[in-house]
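Structure first, then comments.
Number of protein chains: 2
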Amino acid sequence: MIVKHGMNYLSVLNSARNHKLAPPLAVLRRQQFLIRVLGVRGENIMQESKFEADADNILRAITPVFDPNRHKGQAGKVAVIGGCREYTGAPYFAAISALKIGADLSHVFCTKDAAPVIKSYSPELIVHPVLEESYSVGDRDKDHMSRRVVAEVDKWMERFDCLVVGPGLGRDPFLLDCVSEIIKQARQASIPIIIDGDGLFLVTDNLGLVSGYPLAILTPNVNEYKRLVQKVLNCEVNDQDAHGQLLSLAKQIGGVTVLRKGMSDLISDGEIVKSVSNYGSPRRCGGQGDILSGSVAVFLSWARQLISANEGNLIISPTNPTMLGCIAGSALLRKAASLAFEDRKRSTLTTDIIECLGRSLEDICPAC
Amino acid sequence: MIVKHGMNYLSVLNSARNHKLAPPLAVLRRQQFLIRVLGVRGENIMQESKFEADADNILRAITPVFDPNRHKGQAGKVAVIGGCREYTGAPYFAAISALKIGADLSHVFCTKDAAPVIKSYSPELIVHPVLEESYSVGDRDKDHMSRRVVAEVDKWMERFDCLVVGPGLGRDPFLLDCVSEIIKQARQASIPIIIDGDGLFLVTDNLGLVSGYPLAILTPNVNEYKRLVQKVLNCEVNDQDAHGQLLSLAKQIGGVTVLRKGMSDLISDGEIVKSVSNYGSPRRCGGQGDILSGSVAVFLSWARQLISANEGNLIISPTNPTMLGCIAGSALLRKAASLAFEDRKRSTLTTDIIECLGRSLEDICPAC
Numbered sequence: 001m002i003v004k005h006g007m008n009y010l011s012v013l014n015s016a017r018n019h020k021l022a023p024p025l026a027v028l029r030r031q032q033f034l035i036r037v038l039g040v041r042g043e044n045i046m047q048e049s050k051f052e053a054d055a056d057n058i059l060r061a062i063t064p065v066f067d068p069n070r071h072k073g074q075a076g077k078v079a080v081i082g083g084c085r086e087y088t089g090a091p092y093f094a095a096i097s098a099l100k101i102g103a104d105l106s107h108v109f110c111t112k113d114a115a116p117v118i119k120s121y122s123p124e125l126i127v128h129p130v131l132e133e134s135y136s137v138g139d140r141d142k143d144h145m146s147r148r149v150v151a152e153v154d155k156w157m158e159r160f161d162c163l164v165v166g167p168g169l170g171r172d173p174f175l176l177d178c179v180s181e182i183i184k185q186a187r188q189a190s191i192p193i194i195i196d197g198d199g200l201f202l203v204t205d206n207l208g209l210v211s212g213y214p215l216a217i218l219t220p221n222v223n224e225y226k227r228l229v230q231k232v233l234n235c236e237v238n239d240q241d242a243h244g245q246l247l248s249l250a251k252q253i254g255g256v257t258v259l260r261k262g263m264s265d266l267i268s269d270g271e272i273v274k275s276v277s278n279y280g281s282p283r284r285c286g287g288q289g290d291i292l293s294g295s296v297a298v299f300l301s302w303a304r305q306l307i308s309a310n311e312g313n314l315i316i317s318p319t320n321p322t323m324l325g326c327i328a329g330s331a332l333l334r335k336a337a338s339l340a341f342e343d344r345k346r347s348t349l350t351t352d353i354i355e356c357l358g359r360s361l362e363d364i365c366p367a368c
Numbered sequence: 001m002i003v004k005h006g007m008n009y010l011s012v013l014n015s016a017r018n019h020k021l022a023p024p025l026a027v028l029r030r031q032q033f034l035i036r037v038l039g040v041r042g043e044n045i046m047q048e049s050k051f052e053a054d055a056d057n058i059l060r061a062i063t064p065v066f067d068p069n070r071h072k073g074q075a076g077k078v079a080v081i082g083g084c085r086e087y088t089g090a091p092y093f094a095a096i097s098a099l100k101i102g103a104d105l106s107h108v109f110c111t112k113d114a115a116p117v118i119k120s121y122s123p124e125l126i127v128h129p130v131l132e133e134s135y136s137v138g139d140r141d142k143d144h145m146s147r148r149v150v151a152e153v154d155k156w157m158e159r160f161d162c163l164v165v166g167p168g169l170g171r172d173p174f175l176l177d178c179v180s181e182i183i184k185q186a187r188q189a190s191i192p193i194i195i196d197g198d199g200l201f202l203v204t205d206n207l208g209l210v211s212g213y214p215l216a217i218l219t220p221n222v223n224e225y226k227r228l229v230q231k232v233l234n235c236e237v238n239d240q241d242a243h244g245q246l247l248s249l250a251k252q253i254g255g256v257t258v259l260r261k262g263m264s265d266l267i268s269d270g271e272i273v274k275s276v277s278n279y280g281s282p283r284r285c286g287g288q289g290d291i292l293s294g295s296v297a298v299f300l301s302w303a304r305q306l307i308s309a310n311e312g313n314l315i316i317s318p319t320n321p322t323m324l325g326c327i328a329g330s331a332l333l334r335k336a337a338s339l340a341f342e343d344r345k346r347s348t349l350t351t352d353i354i355e356c357l358g359r360s361l362e363d364i365c366p367a368c
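Chains A and B are the protein sequences, given in the same order. According to full-length UniProt numbering, the stretch in the first sequence is residues 1 to 368, in order. According to full-length UniProt numbering, the stretch in the second sequence is residues 1 to 368, in order.
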């Protein structure tokens, strides 16, 4: 349901039209925004479950209108912390997905071994070979090296709208110690953080890293969710009360947002629970979670821009930008996965899904 | 001589030469093409026998129906042991073929030199740079290094549904010693093992590695088969009794399954012999054997899932999962090779055939 302090669309639209002080472009953009949102109403009625998010309309609402006056970076600057000797595909999938959705700049911070490979996947990414694994660091140098690694990432921190921590991170103890410090720095700088993959392995054992941070999003799959529930709620996963349990989990971690991936994605910030159930694809090839984390990073950044542009007076619900980012990211991945599967069937790979991100976004929310 | 309906090559050529209505060269080339096709079909007819497998129906029977409730990994996790300083294409072909057919995860365990290259071919693969060759290991360190290499692979072993040992493995003595240990570990964990390429060079001289292991498949080409026959049966290849000789060979190695690659693929587990003779492609570009080993790995995994789900009560024959995997893999490669050749003719490469795996599977067994 779309409301703004009891005003209906027309009155909001008129108030925008009659606004004498605003420059025409601003009014026009505001109108275009409202008109996009207006497209929603009929579909809202169709929503069956009270939990089901109005995903496509939320995606439309938070995706910015193109503005020729904007410059590089304003549509989003995202950084992925991940990529080690073993894993190079996951951080690439997350970082390139962010660009394919519309981010202007996408960085990857990975180990020295992983950097040339990730760079070779695409010239579009900015890849920083700054992380280190135990095998390349002597015990004596660890403190010094750790400070250097964290400083290397920190000097970029302020530029990023969102951090994705975990795709292809691996589980090297020294590397994870450094990443813990990077998470603390990001939190200090109030940068939103999406934790996925091996980042969840780290955080589940160190909940203090994200606990109570409203700009943190955890995106566990079946097994990662099981570990999280056991650790935080000290019980087993209860699918009879999936919504209630997810709500308690998110609340227990101090209001972080948890996106539980599954046949339906369930999302909660400890206040509300929403689900995204649009049919995606039955293929479960590895890498789809990385597309999701990169997508959520972009949509979360856009949602925060929208909220600050509207001084918090959002005409969509929910109003928590982390919830909005998760809902839009989940909806887009499902749409792209279904388009890729239509075309490739059993041979669908993650790169095929990434190739469908642009068309999916255009289908839901045309650029112009 | 190639004969059809009593017409021989010479008379067909003459009829072409005497043809008045078309330019002689065009007619001649057309006739030569027809003769090639007719020739092959003629030979296929001669091969069709009680031995010919009902390949397409077997492929349909073992390929799982999609289930949205399944999660990542349940459609198959395959590992290829191969890739060294000299060879990087072969393990890539095997591993990517497994994904293109429908496996969820595909790993490669290769040498440190080979890893960045194999990774760069595709972000979809998980590539572990863990194998070592003699040139990089001092004599003193060999025992310690060997234990480390085997342990690095072994810690992943339980996760895999099937191992492919050999594509691009090379023949370095130290590396092959480590791979012998890896084969022993896989056998201990009852993981199916497909032995191809340089893996066959290793196994032919160390038959004890696979002898008596019912989950082992050997996939020799003409020369590898010749060596195997000489070593095991102590005689030359006898094409007059190809089926009988293959049966004895597989029985002699204690009931492993042998897929003899040729114009018709012959497959035996020492109990029965089956052939797959669908027409594939006349191109013999290197790498097709790697597609086959990766494909057999996936179909074998699916066949085992089907058998355990039905508690052994299969309505298809044969019922040995290694036979089923070989038959389905052979049929799919032949279909993909023929589609690729239709499109690319003389310039058909292995990557073109891999690109046709999905369409071939869809033609035989539509996803939905």
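Beta carbons: idealized from backbone N, C-alpha and C, even for Gly. Predicted model, so just to flag it, every value in this text is computed and none were measured.
Of all the CB atoms in chain A, is at least one closer than 8 Å to the CB of residue i?
| i | result |
| --- | --- |
| residue 126(B) | yes |
| residue 361(B) | yes |
| residue 144(B) | no |
| residue 170(B) | no |
| residue 120(B) | yes |
| residue 55(B) | no |
| residue 105(B) | yes |
Please confirm whether residue i has its beta-carbon closer than 8 Å to some beta-carbon of chain B.
| i | result |
| --- | --- |
| residue 30(A) | Bear in mind that a pLDDT of 49 at residue 30(A), under 50, signals an unreliable position, so the number given afterwards is only what the model happens to contain. By this cut-off, residue 30(A) is not an interface position. |
| residue 108(A) | no |
| residue 76(A) | no |
| residue 132(A) | no |
| residue 231(A) | no |
| residue 201(A) | no |
| residue 187(A) | no |
| residue 159(A) | no |
| residue 40(A) | For residue 40(A), the pLDDT reaches just 43, beneath the cut-off of 50, and the residue's location in the model is therefore unreliable, although a value from the coordinates is still provided. Answer no: the Cβ-Cβ gap between residue 40(A) and chain B never drops below 8 Å. |
| residue 222(A) | yes |
| residue 276(A) | no |
| residue 48(A) | Reliability of the predicted coordinates at residue 48(A) is poor, the pLDDT of 45 falling under 50, and the value obtained from them is presented with this limitation in mind. It does not: the Cβ of residue 48(A) has no partner Cβ on chain B nearer than 8 Å. |
| residue 366(A) | no |
| residue 167(A) | no |
| residue 426(A) | Look at the range of chain A in this structure, 1 to 368, and you will see that residue 426(A) is not part of it. |
| residue 116(A) | yes |
Are residue i and residue j closer than 8 Å when you measure CB to CB?
| i | j | result |
| --- | --- | --- |
| residue 221(A) | residue 289(A) | yes |
| residue 80(A) | residue 120(B) | no |
| residue 303(B) | residue 325(B) | yes |
| residue 95(B) | residue 329(B) | no |
| residue 134(B) | residue 178(B) | no |
| residue 187(A) | residue 204(A) | no |
| residue 53(B) | residue 327(B) | yes |
| residue 166(B) | residue 200(B) | yes |
| residue 348(B) | residue 277(B) | no |
| residue 207(A) | residue 232(A) | yes |
| residue 168(A) | residue 84(A) | yes |
| residue 102(A) | residue 73(A) | no |
| residue 253(A) | residue 217(A) | no |
Per DSSP, residue i forms a beta bridge with which residues?
| i | result |
| --- | --- |
| residue 193(A) | 163(A) and 216(A) |
| residue 52(A) | 275(A) |
Does the Cβ of residue i lie closer than 7 Å to at least one heavy atom of the ligand ATP?
| i | result |
| --- | --- |
| residue 268(B) | No copy of the ligand ATP occurs in the structure displayed, which carries no ligand at all. |
So within the segment 217 to 282 of chain B, which uninterrupted beta strand (DSSP E) runs reach at least 3 residues, ignoring any that extend past its ends? 257 to 260, 265 to 268 and 273 to 276
Members of the segment 241 to 269 of chain A near chain B, C-beta cut-off 7 Å: 263
What are the uninterrupted segments assigned as alpha helix (DSSP H) that are 4 or more residues long and contained completely in the segment 62 to 131 of chain B, given in chain order? 89 to 101 and 114 to 121
Listed in chain order, which residues of the segment 318 to 350 of chain A have Cβ atoms closer than 7 Å to some Cβ of chain B? 344, 345, 346, 347, 349 and 350
Give, in chain order, every residue of the segment 79 to 101 of chain A whose Cβ lies closer than 7 Å to some Cβ of chain B. 85, 86, 87, 88, 89, 92 and 93
Quick one: which residues of the segment 276 to 307 of chain A get their C-beta closer than 7 Å to a C-beta of chain B? List them in chain order. 282, 284, 285, 286 and 287
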